[in-house]
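Structure, as structure tokens:
There are 4 protein chains.
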Amino acid sequence: MNYTKNGVENLKIAYIGGGSKGWAWTLMSDLATAEDLSGQVALYDIDFKAAKDNEIIGKKYASHEKSKSKFDYKACETIDEALAGADFVIISILPATLDEMYSDVHAPEKYGIYQSVGDTTGPGGIIRALRTLPMIEYIAKKIEEHCPGAWVINYTNPMTVITATLYRVFPKIKAFGCCHEVFGTQKLLASMLRTEYGYDKIRLQEIKCNVMGVNHFTWLTEAKYKNIDLFPLYKEFANKYYETGYNEESNDNWMNTDLMCGHRVKFELFRRYGYIAAAGDRHLAEFCEGSWFLKNPEQVKDWKFTLTTVDSRRKGYQDRFDQSAKLISGEIEPEIGDTGEEGVQQMRSLLGLTEMVTNVNIPNYGQIPNLPLGAVVETNARFTSNTLTPIFTGNLPIEIYPLITRIVAEQELVIEAALERNLEKAFVAFMNNPLINLSKKDARALFDEMVENTKEYLKEYF
Amino acid sequence: MNYTKNGVENLKIAYIGGGSKGWAWTLMSDLATAEDLSGQVALYDIDFKAAKDNEIIGKKYASHEKSKSKFDYKACETIDEALAGADFVIISILPATLDEMYSDVHAPEKYGIYQSVGDTTGPGGIIRALRTLPMIEYIAKKIEEHCPGAWVINYTNPMTVITATLYRVFPKIKAFGCCHEVFGTQKLLASMLRTEYGYDKIRLQEIKCNVMGVNHFTWLTEAKYKNIDLFPLYKEFANKYYETGYNEESNDNWMNTDLMCGHRVKFELFRRYGYIAAAGDRHLAEFCEGSWFLKNPEQVKDWKFTLTTVDSRRKGYQDRFDQSAKLISGEIEPEIGDTGEEGVQQMRSLLGLTEMVTNVNIPNYGQIPNLPLGAVVETNARFTSNTLTPIFTGNLPIEIYPLITRIVAEQELVIEAALERNLEKAFVAFMNNPLINLSKKDARALFDEMVENTKEYLKEYF
Amino acid sequence: MNYTKNGVENLKIAYIGGGSKGWAWTLMSDLATAEDLSGQVALYDIDFKAAKDNEIIGKKYASHEKSKSKFDYKACETIDEALAGADFVIISILPATLDEMYSDVHAPEKYGIYQSVGDTTGPGGIIRALRTLPMIEYIAKKIEEHCPGAWVINYTNPMTVITATLYRVFPKIKAFGCCHEVFGTQKLLASMLRTEYGYDKIRLQEIKCNVMGVNHFTWLTEAKYKNIDLFPLYKEFANKYYETGYNEESNDNWMNTDLMCGHRVKFELFRRYGYIAAAGDRHLAEFCEGSWFLKNPEQVKDWKFTLTTVDSRRKGYQDRFDQSAKLISGEIEPEIGDTGEEGVQQMRSLLGLTEMVTNVNIPNYGQIPNLPLGAVVETNARFTSNTLTPIFTGNLPIEIYPLITRIVAEQELVIEAALERNLEKAFVAFMNNPLINLSKKDARALFDEMVENTKEYLKEYF
Amino acid sequence: MNYTKNGVENLKIAYIGGGSKGWAWTLMSDLATAEDLSGQVALYDIDFKAAKDNEIIGKKYASHEKSKSKFDYKACETIDEALAGADFVIISILPATLDEMYSDVHAPEKYGIYQSVGDTTGPGGIIRALRTLPMIEYIAKKIEEHCPGAWVINYTNPMTVITATLYRVFPKIKAFGCCHEVFGTQKLLASMLRTEYGYDKIRLQEIKCNVMGVNHFTWLTEAKYKNIDLFPLYKEFANKYYETGYNEESNDNWMNTDLMCGHRVKFELFRRYGYIAAAGDRHLAEFCEGSWFLKNPEQVKDWKFTLTTVDSRRKGYQDRFDQSAKLISGEIEPEIGDTGEEGVQQMRSLLGLTEMVTNVNIPNYGQIPNLPLGAVVETNARFTSNTLTPIFTGNLPIEIYPLITRIVAEQELVIEAALERNLEKAFVAFMNNPLINLSKKDARALFDEMVENTKEYLKEYF
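Protein chains in written order, with this note's numbering: chain A, 266 to 727; chain B, 266 to 727; chain C, 266 to 727; chain D, 266 to 727.
Encoded structure:
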């Protein structure tokens with residue numbers, strides 16, 4: 266790459282999982298509007314056809330009339346080719362297929378264990394990690410080989426253990442995990458200010474927070490708007506909507522979509538602990554004792570969030586597959602606009618064209634002093650020229666400390682288990698998980714079944 | 266006090282809870298055999314009659330033909346008189362009566378919550394702490410006033426939060442909490458070496474351990490005998506007796522007594538986590554999810570430990586009451602011999618007459634780096650001249666880290682709740698407790714009932 | 266204060282040392298250009314006449330034709346009146362008079378100790394601290410009484426110990442120390458890029474640094490411009506100009522002014538330690554062994570920096586006194602323009618109108634893990650709505666660790682000495698200072714003389 | 266090795282530097298009196314003849330009529346043979362010859378730098394480290410290869426950097442550094458109690474201390490005898506003998522021997538900092554600014570300690586050489602008695618035959634929280650079965666913190682320099698040393714000369 270008067274050209278972005286029919290298009294849109302950047306996006310996917318499709322679609326984004334930048338898209342047959350000389354690497358893969366995810370999410374149901382997402386923690390998240398981390402190990406080694414100085418942005422779940430694995434395998438990697446769940450809570454706070462307190466024109470960036478915890482179980486210990494401490498307001502708000510749930514203005518009803526929620530889980534956690542849990546309720550619920558929110562589908566409905574089934578994911582995939590075909594055929598046009606994602610903005614800051622502060626997942630160097638060093642945590646961080654520096658958050662408050670130390674310990678064990686290909690160690694984490702309140706015998710049976718169901722992707726463990 | 270050629274004379278020991286019909290007699294016996302010590306024991310008890318009885322009994326111990334030392338016993342009508350000029354203070358009280366303890370232990374049963382002890386953690390431990398800590402606050406202030414340089418030995422449960430409260434109220438106090446539960450595990454290891462591996466004449470002091478955790482939930486991360494690493498041996502041992510339980514040689518059967526156990530809980534925890542839990546099974550079980558060991562009385566029986574009922578405690582009290590009467594009347598004689606307790610040995614070390622290393626409960630100054638500073642933890646410590654110094658243990662292993670951080674957080678919240686007289690804060694801890702896996706509504710009902718049952722001792726909270 | 270559509274009105278800024286003929290005018294200028302702010306500046310000074318003069322001058326700034334804001338200025342007869350209800354407090358005082366400073370700077374010369382500034386460390390800085398900190402203690406108590414929620418910005422030297430004292434006296438204070446010395450080094454790096462490497466239009470804000478250390482002895486462990494690591498460039502640069510010194514473009518010659526320097530000290534420290542010392546050479550030299558840069562005036566000249574005499578300060582004061590008179594009489598007009606100071610920008614960020622990251626002096630909460638907690642350190646920090654959060658810097662590199670731990674220890678001792686009014690403790694720090702390589706006897710004589718010279722302001726120590 | 270009823274037999278002790286004519290004989294004596302131990306001592310020395318001589322002498326000790334144990338001595342031609350299967354390894358070598366030491370100690374004198382020992386810090390200590398650490402690197406690798414589970418006891422100076430290097434090269438090594446300097450101070454305190462306060466029969470083990478710092482610059486922050494705090498007594502004592510020095514009873518006059526001192530340096534450091542420096546004055550002086558105690562030979566004499574010349578060492582070597590010849594010829598007999606060294610006692614504790622607490626040098630795991638982790642520090646530690654655990658000391662007091670952080674940083678840099686074979690990095694440490702207050706030019710000339718003088722042993726650096 267090289268700098269020009271206005272920005273950077275000849276940037277090389279390697280996209281691992283480049284057949285993606287979601288994030289990849291968002292990136293294409295964001296790059297199209299980045300008038301200060303140009304270069305190439307190298308698309309690598311184990312499904313080469315999917316990457317090739319995205320090469321076609323990427324070119325359409327780049328040549329769109331609204332496009333302000335010059336980016337070329339190229340599907341690569343090998344990861345080596347994609348990574349060679351990359352300035353940025355994006356990791357956004359689907360570990361295995363939806364069949365494995367079906368097992369992750371639904372196999373535990375026969376034991377009364379319901380998961381609203383199943384990709385981060387709980388039985389599904391742990392088994393998913395076991396099959397994903399060896400892939401990540403492979404990718405990390407390839408990055409070390411081909412582009413050790415590149416910035417690596419991970420969007421794949423389970424976010425925390427993947428990001429940690431990148432660092433364990435290649436300690437000098439410059440990687441971080443990105444997730445927009447905190448934005449959702451900032452949006453909720455902005456919505457509260459508008460609808461309950463009469464403030465208008467509030468952008469979520471104006472909601473200033475102290476963010477700490479682990480991905481999808483992130484907490485705000487401070488939230489401010491101008492000189493207003495949002496905690497007393499949120500307390501009123503949580504109490505008011507505790508029973509009914511709260512519908513954000515943007516959607517008529519929390520039930521319209523899998524991802525929406527009535528925020529009752531969030532309100533309940535606030536009323537219990539006094540701090541704002543900052544992720545979608547579907548995620549938050551999975552880090553708590555199973556009996557609290559996920560006892561059965563009725564309880565989930567009462568708490569006004571949803572269980573995302575793998576069938577609904579299959580449908581979503583099919584929709585995006587159709588959309589892809591139409592984009593290629595020209596039946597539909599790419600849409601270019603504000604995606605709300607920060608990826609390109611982060612790149613721009615790391616290139617020194619601007620700077621920003623946002624929440625990311627990186628190893629704990631001491632930014633959260635009372636969590637183990639080296640564990641990946643989510644806090645705010647400052648993006649500047651070729652540098653990502655965590656904001657110091659202070660200690661986790663004692664009320665939520667045990668909730669988060671528990672998950673950090675689980676994640677550390679899962680990482681060790683995966684890197685050592687040690688299923689027994691993984692089982693220790695499995696048994697300790699808050700959703701898995703089973704007898705050891707049942708826990709073992711479930712674990713073994715889930716391993717069996719997904720064994721095609723766990724060969725290295727045997 | 267003053268030093269003589271052979272030891273110390275004019276020592277003053279203040280005994281808070283001096284009407285005790287257990288520890289107090291043990292102390293009397295140990296002091297009687299301490300030929301290098303002499304002085305006075307000032308007995309203070311809110312039940313003055315009980316203290317007076319012990320004055321009589323103490324004098325009998327002191328004048329016993331086997332007695333080698335000169336100690337005088339005196340019941341004091343005020344705590345001030347007892348503490349004035351004390352060199353050592355012993356705290357061994359019963360907070361409230363067995364009626365309150367009845368509520369602590371048995372009120373939760375209607376919600377399916379069984380407690381094998383009920384004085385340390387769980388609903389019983391938390392409510393007991395709420396009524397005890399204000400008493401401890403009072404005692405700490407009296408110590409600061411009357412004998413700020415005295416060494417304070419606490420034997421009362423809940424040990425951890427009581428010891429912590431002494432330090433919160435009077436930060437310069439020289440206090441520690443003493444408990445013999447770890448000895449029981451050292452004894453078990455010695456027994457294993459004898460019965461399984463043919464070693465004989467092993468004293469428990471020869472079993473060298475790295476001790477870490479919190480009282481009654483203490484763990485050994487190393488255990489050695491001479492150059493033998495006891496972990497592989499214990500692994501065999503735990504596997505061999507996992508199903509049947511293990512009866513120590515000293516007793517025919519684990520069911521003979523409330524305090525005995527088959528060590529199955531200990532074996533199970535070892536098999537789960539790879540470290541040796543070092544307390545009686547009755548205590549260990551209470552720190553785990555209720556469903557593991559304490560689901561119902563049948564499960565407890567299966568795990569081969571016992572639920573100590575308050576009725577059995579009442580019976581024990583009555584027995585000791587009878588024994589007290591007989592000691593006073595002369596119907597029975599005091600018994601003087603090796604009690605196995607270390608209290609007098611610790612005093613001797615703190616006086617500089619000898620030195621020793623044993624496990625105690627003191628604030629975390631960094632001896633366990635990955636637990637919060639200031640929380641009271643149990644580790645080995647060195648007793649020397651007027652100094653008690655913790656042995657550095659290193660970090661808690663990641664497998665047991667979440668188990669212990671959870672209880673540390675609970676205890677910190679309970680201490681704050683008690684010092685602030687804030688029942689709502691206590692309820693946060695109550696809800697988070699592993700035994701209390703109830704809906705919030707049920708948890709609240711139980712909490713309110715237990716508070717109501719014991720309100721006579723919780724007046725300051727209203 | 267209250268928020269309006271465009272910003273904040275009715276802001277109250279209390280200025281302690283409001284008779285200042287330097288910073289005060291800068292603030293007046295910056296406030297005049299702040300179109301989103303309006304309110305009152307309350308000027309308090311022990312020299313009421315000086316405050317009154319500034320009231321007149323402030324009004325002139327506010328009513329200047331270029332002024333875009335509405336600020337009122339008011340001299341207050343008591344500190345209580347000035348602080349009551351303040352939103353921001355500025356502390357910018359001269360502790361005692363230039364007579365005391367004369368002793369600070371020049372009394373040590375008879376022992377061969379030369380000081381280029383004399384207000385931060387060295388014999389002068391230590392004695393200055395002794396007389397200043399009791400004043401700061403008084404101010405901190407008044408702030409706690411009248412405006413505990415106000416943000417307090419300290420500009421007074423010795424910066425570090427003053428800021429620390431504010432927190433020791435009133436731990437919940439929201440205070441920080443501000444200094445522009447780091448900007449000077451960023452400016453030097455920008456100048457280097459322009460003159461040596463052909464980059465143009467570089468603003469100092471584009472030089473991104475990792476800042477750590479203590480005020481006036483601050484170091485950059487990373488410096489970047491876009492994707493360029495500035496360390497290899499600075500190495501070439503330091504070597505090239507090591508002998509001759511480097512004149513920044515803005516001034517013909519480093520000797521033109523007291524504050525200018527040839528950066529030889531900075532280059533030397535870089536060549537020794539491999540990190541960029543980021544303050545004026547006059548300051549840096551004072552933290553080093555006296556023999557390195559401050560042996561005698563000739564050596565200072567060789568190193569191309571200057572000894573700021575108190576006579577030159579007297580002259581500067583007289584100039585500003587004259588300027589004040591002329592501003593009042595109208596003989597000259599206030600100048601309104603970009604002052605380069607960040608104070609008003611920081612206020613705006615703390616009000617939530619914008620946000621920024623810059624370097625400040627606040628207690629170490631762990632942002633520099635290998636310095637003592639609670640010591641005031643200088644690092645980058647993020648200013649947002651009513652919140653100032655340090656950026657995590659990581660450990661000080663081992664090369665410069667001993668240089669900075671030494672000064673941190675000195676400062677901690679001086680703070681203790683001042684708060685305890687304990688001259689003996691201060692003398693321990695005095696003897697340990699790198700500039701004071703004297704026999705203990707000589708050190709004592711000098712200390713006693715300097716205390717005697719300034720005893721009018723040290724009465725509380727006797 | 267194997268355990269018997271009474272102890273351990275077939276122990277293998279490898280002695281690296283087994284031609285030693287000092288420590289080796291002490292060990293022989295101590296082993297001869299160890300009735301619970303038997304086995305073999307394998308003597309390895311680059312001077313095989315010297316090892317062979319000691320084989321003969323060792324056999325004489327072992328067969329002495331007072332000998333209570335059975336030890337065999339064997340000179341080995343290779344280090345591999347000596348280490349194979351060792352249970353304990355002793356490292357006690359002379360790095361290079363006295364010719365190199367002559368340069369270390371005396372070359373700096375022409376720059377006015379006098380060293381009283383020259384083997385730990387200062388110019389001599391740093392150059393000695395440079396040639397020694399590569400040897401230690403070699404030994405550590407051999408230990409990892411041949412006896413990774415052995416306990417390694419280092420007696421060689423520079424103690425701290427050697428012990429640290431063992432751990433850097435082979436992180437799982439079980440090594441510690443042993444030094445008796447602290448005993449000397451305990452002995453002084455016992456002497457004080459006898460001569461000044463009338464106590465008699467005090468053994469140095471009864472002086473209980475909190476030890477912290479680095480080897481030869483170790484400090485006591487607490488010292489107790491029974492219930493007596495020795496600090497106020499030591500204060501009186503230091504003041505009383507500050508001018509005259511104090512002669513311990515055991516010797517008529519401090520000048521009789523090179524190692525004796527009048528403790529004036531110790532008294533001065535106590536008066537400055539309030540803590541007891543616990544090493545011989547010759548060592549302590551070398552860690553301070555050169556102008557304090559080591560300005561010139563007259564000043565040294567005034568402070569009542571001595572400069573140990575290399576000529577006097579040569580003489581000592583010759584004496585021991587003669588003694589060796591006489592031991593071999595039978596002209597003199599080995600002397601068996603209490604040597605005052607703890608090495609064999611430590612082995613016995615590590616074998617689990619007993620236990621002990623004493624001061625040792627091991628990496629900082631957190632036992633001194635405000636020193637860098639991993640740096641080798643000296644504190645008390647507990648020796649038990651196959652385990653060495655540091656006693657937690659708490660933070661270094663702020664008064665002495667800068668003195669010790671400075672030397673820790675120097676040592677860390679020297680270790681890095683040696684392991685990287687990087688003389689430039691070593692020079693940074695050299696320049697920063699308190700004794701080397703030279704211009705950089707002079708410092709460089711001295712450094713280069715000292716390197717040149719000893720280049721035969723520094724070949725790997727070029």
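Idealized CB from N, CA, C, for every residue including glycine.
Next item on the list: Return helix, strand or coil for residue 484 (chain B), following the three-state DSSP convention.
Entry: strand
Notebook entry, point to check: Can you tell me the Cα-Cα spacing of residue 332 (chain B) and residue 325 (chain B), whole angstroms?
Noted result: 10 Å
Note to self: I'd like to know whether the C-beta of residue 631 (chain D) is nearer than 7 Å to at least one C-beta of chain B.
What the structure shows: yes
Checklist line | Residue environment, residue 410 (chain C), which counts as buried when at least 16 other CB atoms sit within 10 Å | finding: exposed
Note to self: Please tell me whether residue 482 (chain D) and residue 552 (chain D) are closer than 7 Å, where the distance is taken between their beta carbons.
What the structure shows: yes
Next item on the list: Starting from residue 492 (chain C), find everything on chain A with Cβ-Cβ shorter than 9 Å and list it in chain order.
Entry: 266, 268, 273, 352, 615, 616, 617, 650, 651
Check: Beta-carbon of residue 666 (chain C) versus every beta-carbon of chain D: anything under 7 Å?
Finding: yes
Margin query: I'd like to know whether the C-beta of residue 520 (chain C) is nearer than 7 Å to at least one C-beta of chain D.
Written below: Summary for residue 520 (chain C): the model assigns pLDDT 48, below 50, so the residue's position carries little reliability, and this model does not support an answer.
Note to self: Between residue 677 (chain A) and chain B, is any beta-carbon pair separated by less than 7 Å?
What the structure shows: yes
Check: residue 308 (chain D) and residue 340 (chain D): beta carbons closer than 7 Å?
Finding: yes
Notebook entry, point to check: So, is residue 577 (chain B) buried or exposed, given that buried needs 16 or more other C-beta atoms within 10 angstroms?
Noted result: exposed
Check: Which of helix, strand or coil does DSSP assign to residue 636 (chain C)?
Finding: coil
Checklist line | Identified DSSP bridge partners for residue 281 (chain B) | finding: B:309, B:356
Notebook entry, point to check: Along chain B, which residues have their Cβ under 9 Å away from the Cβ of residue 662 (chain D)?
Noted result: Going along chain B, no residue has its Cβ under 9 Å from residue 662 (chain D), so there is no contact; the nearest lies around 15 Å.
Note to self: Distance check for residue 664 (chain D) and residue 474 (chain D), CA to CA, integer angstroms please.
What the structure shows: 18 Å
Checklist line | Among D:422, D:629, D:700, D:294, nearest to residue 605 (chain D) - alpha-carbon criterion | finding: D:294
Checklist line | beta strand (DSSP E) segments (min. 3 residues) lying fully within the segment 486-561 of chain C | finding: none
Notebook entry, point to check: For the segment 618-676 of chain B, which segments carrying the beta strand (DSSP E) assignment without a break, of at least 3 residues, lie completely within its bounds, in sequence order?
Noted result: 621-628, 641-649, 652-655
Margin query: Taking the beta carbon of residue 401 (chain B) as the centre, do at least 16 other beta carbons fall within 10 Å, making it buried, or is it exposed?
Written below: buried
Next item on the list: Pick helix, strand or coil for residue 718 (chain C), following the three-state DSSP scheme.
Entry: helix
Notebook entry, point to check: Among all the DSSP beta bridges, which residues are the ones paired with residue 477 (chain D)?
Noted result: D:484
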